[in-house]
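Using our numbering, you'd call the opening residue of the sequence shown number 16 and step up by one each time. Idealized CB from N, CA, C, for every residue including glycine.
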Amino acid sequence: MQSTLRLDRLRVDGVKEHRWRRRALREWCFSLTVFHRLKVQIAVLMLLLFGGGLLFQHLGEAGDVSIIRAMYYTWSLLFGEPPVSFPDNPVLESLYFIVPVIGLTVVLEGMVEFTLLLRDRRRSEREWCRAMCAALSGHVIIVGLGRLGYRCFTLLRRLGTPVVVIENDPDNQFLEDVRRDGTPLFIGDGRREALLEDANVAQATSIVLATTNDLANLEIGLDARRINPKIRVVLRMFDQNMADKVGEGLNIKLAMSQSAISAPAFAAAAMDPDVISCSVLCDRLVVTKRWHVTAGGPLSGQTVGQVMDAHEVAVVEHKPGGREEGSRIYPPTTVLLEPGDELLVQGPFEVLSEMVGSNQAVSGR
16 MQSTLRLDRL
26 RVDGVKEHRW
36 RRRALREWCF
46 SLTVFHRLKV
56 QIAVLMLLLF
66 GGGLLFQHLG
76 EAGDVSIIRA
86 MYYTWSLLFG
96 EPPVSFPDNP
106 VLESLYFIVP
116 VIGLTVVLEG
126 MVEFTLLLRD
136 RRRSEREWCR
146 AMCAALSGHV
156 IIVGLGRLGY
166 RCFTLLRRLG
176 TPVVVIENDP
186 DNQFLEDVRR
196 DGTPLFIGDG
206 RREALLEDAN
216 VAQATSIVLA
226 TTNDLANLEI
236 GLDARRINPK
246 IRVVLRMFDQ
256 NMADKVGEGL
266 NIKLAMSQSA
276 ISAPAFAAAA
286 MDPDVISCSV
296 LCDRLVVTKR
306 WHVTAGGPLS
316 GQTVGQVMDA
326 HEVAVVEHKP
336 GGREEGSRIY
346 PPTTVLLEPG
356 DELLVQGPFE
366 VLSEMVGSNQ
376 AVSGR
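Below is the structure:
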């Protein structure tokens with residue numbers, strides 16, 4: 016069953032990661048954050064430049080100076096460089112002392128704030144992540160970055176879906192991978208409503224609750240549903256009885272017990288080594304298994320369409336002669352199956368078991 020675990024090798028044809036879009040979004044969010052944090056300094060600086068320019072324009076010795084040149088005079092004063100000779104007007108004289116003090120204070124404070132913002136961006140600090148989330152919509156929030164949460168994160172990112180992660184453990188082993196991806200990350204208890212608001216749960220499409228605490232998952236799910244009644248809640252629960260009751264009584268789309276999901280796969284794999292995945296559908300055990308077409312077997316000499324009609328199974332993959340070259344996922348119904356071909360077939364466990372018996376009888380095993 017190893018093929019279902021290597022998400023790093025997953026191929027998703029037709030889904031491309033538009034890195035330039037993510038880059039543009041990050042730069043836009045950074046610009047908005049810079050403007051928000053430095054709006055006071057920017058306002059003071061503009062007031063100094065425009066106000067000083069008007070004073071230089073109307074009170075200066077050369078009365079015909081343009082507003083642009085007059086503002087340049089004020090800009091020069093910000094850094095203690097007199098643009099012209101010391102004036103005789105007392106108002107302009109005061110500018111030579113006031114503007115450098117105020118200007119340098121504002122500029123230095125702005126530089127410090129900008130440096131802190133760059134640091135927050137590199138470390139994925141909360142302020143930066145909050146700004147990123149404010150620009151997102153239709154994203155998925157993952158609460159709990161254990162192995163299940165990390166696999167969900169990896170798969171969603173491979174599919175090009177924007178993700179926001181909330182994790183309580185600051186020493187979690189997967190945090191660096193999330194930061195390296197540039198995904199917004201919040202460290203804290205997901206039961207705090209402020210964290211859900213920072214993650215912009217109001218604009219999220221889904222929330223995946225993958226912590227190991229059933230009650231915490233349920234509480235967060237209810238909080239998310241209260242903030243965003245349309246959000247899809249995917250809830251992990253270890254108690255399947257409680258999961259069923261929660262799913263039915265609280266209108267939560269999916270409430271899944273990990274043991275209930277994995278137990279059928281483990282049991283089917285124990286009975287048949289060729290089974291690679293398993294699920295329960297309409298109260299029936301549906302498995303996907305490898306199949307080698309043998310001469311005289313139940314599939315030999317038939318087309319994919321004939322196999323589907325005769326045996327109530329689906330051919331998921333076809334490898335001619337068992338080779339990777341020419342392999343196809345969901346081959347056309349007209350493809351003819353020949354001895355030596357390797358397949359992935361999916362269907363009810365009892366149907367496939369009966370077919371296996373027929374195949375073994377023909378091959379003499």
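With contacts defined as CB atoms closer than 8 Å, ILE156 and VAL179 qualify as a contacting pair.
Cα atoms of TRP143 and LEU250: separation of roughly 28 Å, rounded to the nearest angstrom. Membership of LEU233 in the alpha helix (DSSP H) is indicated by the continuous run 229–242.
The residue from VAL49, GLY66 and GLY161 with its alpha-carbon nearest to that of ASN187 is GLY161. Here SER294 has VAL301 as same chain residues with Cβ atoms under 6 Å from its own Cβ, once five neighbours each way along the sequence are excluded. Residues GLU208 and LEU211 of the same chain have their beta carbon placed closer than 7 Å to that of ASP238, with the five preceding and five following residues left out of the count. Under the DSSP assignment, THR176 falls outside any beta strand (DSSP E); it carries neither an H nor an E label.
In this structure, DSSP gives GLY355 a state outside helix and strand, which the three-state scheme calls coil. For THR89, the enclosing alpha helix (DSSP H) has its first and last residue at 82–93.
In the DSSP assignment, LEU296 falls within the beta strand (DSSP E) that extends over 290–296.
Under the DSSP assignment, ARG145 falls in the alpha helix (DSSP H) whose first and last residues are 141–149.
Between the alpha carbons of PHE101 and ALA150 lies a gap of roughly 50 Å. DSSP places ARG194 inside the alpha helix (DSSP H), whose first and last residues are 190–196. For ARG247 and SER292, the gap between their C-alpha atoms comes out near 25 Å. A distance below 8 Å between beta-carbons, with the five flanking residues on each side excluded, links VAL366 to the following residues of its chain, in chain order: HIS326, GLU327 and VAL328. Excluding five sequence positions before and after VAL121, the CB atoms of its chain that fall closer than 6 Å to its own CB belong to GLN56, VAL59 and LEU60, given in chain order. The three-state secondary structure of LEU63, taken from DSSP, is helix. Taking 3 residues as the minimum length, the beta strand (DSSP E) runs contained wholly in the segment 308–351 are 329–334, in order along the chain. Approximately 3 Å separates the beta-carbon atoms of THR89 and GLY67; this is inside 8 Å, confirming the contact.
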